[in-house]
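One structure is given below, encoded as structure tokens.
Residue numbers (the numbering used here): 1 to 178.
Encoded structure:
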């Protein structure tokens with residue numbers, strides 16, 4: 001086989017997607033993004049659970065870890081609606097369950113702000129978050145830095161993904177109205 005035909009065969013494979021029927025329409029690059037985000041989300045969730053377990057807090061799911069870090073953010077109490085808004089979670093009952101689980105584990109405490117229930121980090125929760133951070137720096141950040149990725153480009157990508165998520169939210173509202 002010639003080099004020219006070998007290159008042609010390699011490029012004729014097409015984009016890396018999870019559903020070719022979705023990539024066959026307009027904007028196939030969006031299918032590539034969807035597949036990449038799916039892989040990223042699943043890897044990220046697996047990472048959070050395993051890192052938190054290595055930090056000494058076993059038995060937490062990925063949502064529990066996200067909620068714990070959200071409660072710890074900026075060291076002030078958060079309401080359920082604060083957490084759901086920031087994490088873009090519609091099913092508040094899942095966050096309510098995570099908060100109960102974290103409180104039972106002694107990582108957060110609950111309180112009140114007017115009529116709203118609040119969650120605040122405990123000393124044990126702060127320790128767990130700091131150990132997670134320490135492991136994250138050693139096991140994830142250092143190898144990522146070795147890739148030589150441009151941090152400003154990563155920030156731009158993050159901003160783009162946040163903007164694209166708004167389009168998915170709008171499309172979800174439209175689909176629910178059908």
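Heads up, the beta-carbon is just placed ideally off N, CA and C, and yes, glycines get one too.
Exercise. Is residue 57 closer than 8 Å to residue 105 when the C-beta atoms are compared?
Worked result: Within the chain shown, the letter at position 105 stands for residue 105. Within the chain shown, the letter at position 57 stands for residue 57. Yes, the pair counts as a contact, with Cβ atoms nearer than the cut-off.
For this session: Can you tell me which of the three DSSP states residue 108 falls into?
Result: The sequence position of residue 108 within the chain shown is 108, counting from 1. In the structure shown, residue 108 sits in a strand (DSSP, three-state: E or B).
Problem set entry | Counterpart residues of residue 113 in DSSP-defined beta bridges | For the purposes of this step, residue 113 is taken as residue 113 along the chain shown, with counting starting at 1. In the DSSP output, where bridge partners are listed per residue, residue 113 has 116.
For this session: Counting only the same chain and skipping the five closest in sequence on each side, list residues whose C-beta sits under 8 Å from that of residue 84.
Result: Taking the chain shown and counting its residues from 1, the one referred to as residue 84 is at position 84. Closer than 8 Å at the Cβ level, and outside the excluded window around residue 84, lie 90, 92 and 95.
Exercise. Roughly how many angstroms lie between the CA atoms of residue 49 and residue 65, to the nearest whole one?
Worked result: As a working mapping, residue 49 is identified with position 49 in the chain shown. As a working mapping, residue 65 is identified with position 65 in the chain shown. Answer to the nearest angstrom: the Cα atoms are 7 Å apart.
Exercise. How many angstroms separate the CA atom of residue 159 from the CA atom of residue 112?
Worked result: Numbered from 1 along the chain shown, position 159 holds the residue referred to as residue 159. Numbered from 1 along the chain shown, position 112 holds the residue referred to as residue 112. In a straight line, the C-alpha of residue 159 is about 34 Å away from that of residue 112.
Exercise. DSSP on residue 38, reduced to helix/strand/coil?
Worked result: Counted from its first residue, the chain shown places residue 38 at position 38. Of the three classes helix, strand and coil, the one that applies to residue 38 here is helix, per DSSP.
For this session: Reducing DSSP to helix, strand and coil, say where residue 173 ends up.
Result: The residue given as residue 173 occupies position 173 in the chain shown. Helix.
For this session: Could you please give the first and the last residue of the uninterrupted alpha helix (DSSP H) stretch that includes residue 17?
Result: The count along the chain shown starts at 1 and reaches residue 17 at position 17. Counting along the chain, residue 17 sits inside no alpha helix (DSSP H), nor does DSSP assign it H or E at all.
Exercise. Taking 7 Å as the cut-off, is the CB of residue 66 close to at least one heavy atom of the ligand HEM?
Worked result: Looking at this structure, you won't find the ligand HEM or any other ligand, since it has none at all.
Problem set entry | Residues sharing a beta bridge with residue 121, DSSP | Residue mapping note: residue 121 aligns to position 121 of the chain shown, counting from 1. Paired residues: 108.
Exercise. Apart from the five residues on each side of it in sequence, which residues of its chain come closer than 8 Å, Cβ to Cβ, to residue 129?
Worked result: Position 129 of the chain shown, counting from 1, holds the residue named residue 129. Around residue 129: 68, 69, 72 and 121.
Exercise. Thinking C-beta only, is residue 116 closer than 8 Å to residue 110?
Worked result: What you label residue 110 is simply residue 110 of the chain shown in a count that begins at 1. What you label residue 116 is simply residue 116 of the chain shown in a count that begins at 1. No, Cβ-Cβ distance for residue 110 and residue 116 is not below 8 Å.
Exercise. Taking all protein chains shown into account, do 16 or more other C-beta atoms lie within 10 angstroms of the C-beta of residue 17, making it buried, or fewer, making it exposed?
Worked result: Reading the chain shown from its first residue, position 17 is the one you call residue 17. That one is buried.
Problem set entry | DSSP beta-bridge partners of residue 100 | Residue 100 sits at position 100 when you count from the first residue of the chain shown. None; residue 100 has no bridge partner.
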